[in-house]
Amino acid sequence: MVNINGSEVREGLYYTKEFEWAKVEGDKVRIGITDYAQKQLREIVYAELPSPGTTITQNTPYGTVESVKAVSDLVAPVSGEILEVNQEVQSKPELLNEDPYGKAWLLIVKPSNLQNELVKLMDFNKSAEWHKTLK
Amino acid sequence: MPKRIVIIGAHAAGVDAASAARKKDRTAEITLITDEEHAGYSRCGLPFVLGGQIPSFKSLIVFPQTYFQMMKLNLKTETKATAIDTTKKTVETVDKHGKTETIPYDSLIISTGASSFIPPIKGKEKKGILSLRTLEDGERIDRAIKKGAKTAVIMGAGLIGLETAVAFHERGLKVTVVEMLPQVLPQMLDPEMAKTVQEMLEQKGITVLTGKCVEEFLGKDEATGIIAGGEQIDADLLMSAFGVRANTQLAVNAGIALGETKAIKTNARMETNVKDVYAVGDCAETIGIITQKPALPQLGTVAVREGKVAGINAAGGYALFTGGLGSAVTRLFDTDCGVTGLTETAAQRFKFETISGTISSKTRAEYYPGALPIRVKLVVEKESQRLVGAQIIGGEEVTQRINAISLAIQKQMNARDLAKADTAYAPPVCETWEPFVLAAEMVLMKLR
């Protein structure tokens, strides 16, 4: 784990420039928002997430997170079918501020095109470099 | 088709308008246009960068690029809006390369801010008269100090004038402040309260000349001094803090009406007289809560509230901004000064008769080490006994008292209500009797 200008970037995750992370867990992928994103949004009060069984598409919005002053689209890091949605985040959105890489994961998906899509994401090192360019 | 919302200006009012619009409408195309290189920075922080309390001008950027990205806001920097066509509903722009564009809108929010102005004084066209409004202004002043400026004269003893005077003093300059009116902070404090501030500044080593007009700028091409009250004052830095004027030219050219304060006239939804055009922030007129008359507070707090309301309305929602009290606070050296509502001077202008109560107390229990002086003045309208204003000067704990009294005024409380206020106490943090409660008691005694 590194801390860049106050935001954590963790090893073992893939990252997008839309402030999402993806973690490959066997044949599934767990996704969520980055520490930088939750810090920019501040106190998150609402998370609008899709339902299990629906599909998401890489680089396409699948939901929103809203704080008192801001709102941001959630943009899918990979494509696939949603297997699981984190119910706890929907009932306690503040978890996104407390533990964005842990308890506040958003979706578990069954990826449909993982090998081709992963190469378009940033790995830990690239993401750390990119975070340095952000304010 | 998604709604097109165009915002001219991208600071306090503009960015808050854009954010509120986005929250209301997730699909609208929202475009912000600013002629500055940097958007979304805090102008209010500029004097404190000069003073060295904030490490760099870049630290003032409250909304980084990624904020605009996350909120899907299209930001055009170094792009100037040159004309508004309210019939065709378009904004003409030109970027730094001279490229022009016609941007169509469904809703337009004007947040063009205000600019420093210099009154018609002989020699005002001379070079080198500085002002502090933009980040670039701040950098220019900082460079001048680093180049070895030793003396400064500041024209105007309002908030910006005094904050900058303190900053220059902290940087080791010998500072003179010239004010036309007989007191410092004339918008904020009554004369006797202002006297405390002036004495404090003088004690710190700043020369304060009140009741003196700037009559002339001296120097060949470059201004090197002034004549004020018949006296010549030379300085390495000449800083204009006379005040600011609402930037209304763009609106006026488009046939948008101004109000009594010469700022853009708005209603409670922040709409101008032209359909689907809103105005917010330093360029927009609002009303005073107590007087219910046109007001132009030109404060960051008002700008963001107005921006939010205009953003919601521009995106098809419904929200109102029903006026302000002009609550403001600053820190000069180790002294905090705050105001809410009307000073007695301002109340008289509106023909209110007032009774005031002023209490000098301490910020902690008298016996507790480190207790600092604090002075609270309450202003009450004589007939209704309604609270109409307060001024506080103290070593700490000023802001939240101002906020409490502001709320009391908004809730139309009278002196009797405030005298019965239930307040907290512990020796390390305050006195047993809250000074504003005692000030209310004093008012009641005077009313007997």
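Line by line, the protein sequences are chains D and C.
Read in the numbering used here, the first sequence has 21 at position 21, and its numbers run on one by one without any break.
Counting from 1 along the second sequence, just add 1000 to a position and that's the residue number in the numbering used here.
Even for Gly, the Cβ is constructed at its ideal location relative to N, Cα and C.
So what's residue i in DSSP terms, helix, strand or just coil?
i	result
D:Trp21	strand
C:Val1398	coil
C:Ala1167	helix
C:Glu1306	helix
D:Asn3	strand
C:Gln1065	helix
C:Tyr1318	coil
C:Tyr1367	coil
C:Gln1187	coil
C:Phe1217	strand
C:Arg1448	coil
C:Ala1235	coil
C:Pro1002	coil
C:Arg1022	helix
C:Gly1323	coil
D:Thr34	coil
C:Leu1050	helix
Starting from residue i, follow its DSSP beta bridges and name the residues at the other end.
i	result
C:Val1339	C:Ala1328 and C:Gln1391
C:Arg1375	C:Ser1360 and C:Ile1393
C:Glu1381	C:Thr1354
C:Leu1032	C:Ile1007 and C:Leu1075
D:Ile44	D:Ser67
C:Tyr1041	C:Ile1061
C:Asn1414	C:Arg1386
C:Pro980	Because chain C is modelled from 1001 through 1448, residue 980 of chain C falls outside the range shown and cannot be assessed.
C:Ser1115	C:Arg1245
C:Ala1228	C:Val1214 and C:Glu1231
C:Ala1081	C:Thr1093
D:Val29	D:Val24 and D:Val109
Quick check on residue i - is its C-beta less than 8 Å from some C-beta in chain D?
i	result
C:Arg1026	yes
C:Arg1022	yes
C:Met1450	Residue coverage of chain C in this structure runs from 1001 to 1448, which leaves residue 1450 of chain C outside it and unanswerable.
C:Ser1360	no
C:Met1061	Residue identity differs from the one stated: residue 1061 of chain C is Ile in this sequence, not Met. Cβ-Cβ to chain D under 8 Å: yes for C:Ile1061.
C:Pro1064	yes
C:Met1071	yes
C:Tyr1041	no
C:Ser1111	no
C:Ser1406	no
C:Ser1056	no
C:Ser1019	yes
With distance defined between alpha-carbon atoms, name the residue in the options nearest to residue i.
i	options	result
D:Val71	C:Lys1023, C:Ile1054, C:Leu1250 and C:Ala1315	C:Lys1023
C:Glu1192	C:Val1376, C:Glu1434 and C:Ala1415	C:Val1376
C:His1097	C:Ala1149, C:Val1214, C:Ser1111 and C:Thr1077	C:Thr1077
C:Thr1031	C:Tyr1041, C:Ser1019 and C:Ser1042	C:Ser1019
C:Arg1364	C:Ile1145, C:Gly1357, C:Gln1348 and C:Glu1396	C:Glu1396
C:Leu1296	C:Ile1289, C:Glu1101 and C:Glu1285	C:Glu1285
C:Ser1056	C:Gly1045, C:Leu1237 and C:Gly1156	C:Gly1045
C:Gln1292	C:Ala1390, C:Glu1260 and C:Leu1250	C:Glu1260
C:Pro1428	C:Glu1441, C:Gly1370, C:Ala1415 and C:Ala1439	C:Gly1370
C:Met1442	C:Ile1393, C:Gln1385 and C:Asn1253	C:Gln1385
D:Thr34	D:Met1, D:Thr54 and D:Lys28	D:Met1
C:Phe1068	D:Val9, D:Gly6, D:Ala37 and D:Pro52	D:Ala37
If we cut at 8 Å on Cβ distances, does residue i have a partner in chain C?
i	result
D:Ala37	yes
D:Thr55	no
D:Gln115	no
D:Thr16	no
D:Lys135	yes
D:Thr60	no
D:Ala70	yes
D:Thr34	no
D:Glu66	yes
D:Phe19	yes
D:Gln40	yes
D:Asp27	no
Where are the alpha helix (DSSP H) runs, 4 residues long or more, that stay fully inside the segment 53-130 of chain D, in chain order? 87-91, 95-98 and 114-118
List in chain order: all unbroken beta strand (DSSP E) runs of 3+ residues lying wholly within the segment 1126-1185 of chain C. With a minimum length of 3 residues, the continuous beta strand (DSSP E) runs that stay inside the segment 1126-1185 of chain C are 1151-1155 and 1174-1179.
Would you list, in sequence order, the uninterrupted beta strand (DSSP E) runs of no fewer than 3 residues that lie entirely inside the segment 1238-1311 of chain C? Complete beta strand (DSSP E) runs here, min 3: 1244-1246 and 1277-1279.
Those runs of the alpha helix (DSSP H) which lie wholly inside the segment 1418-1445 of chain C and span at least 4 residues: none
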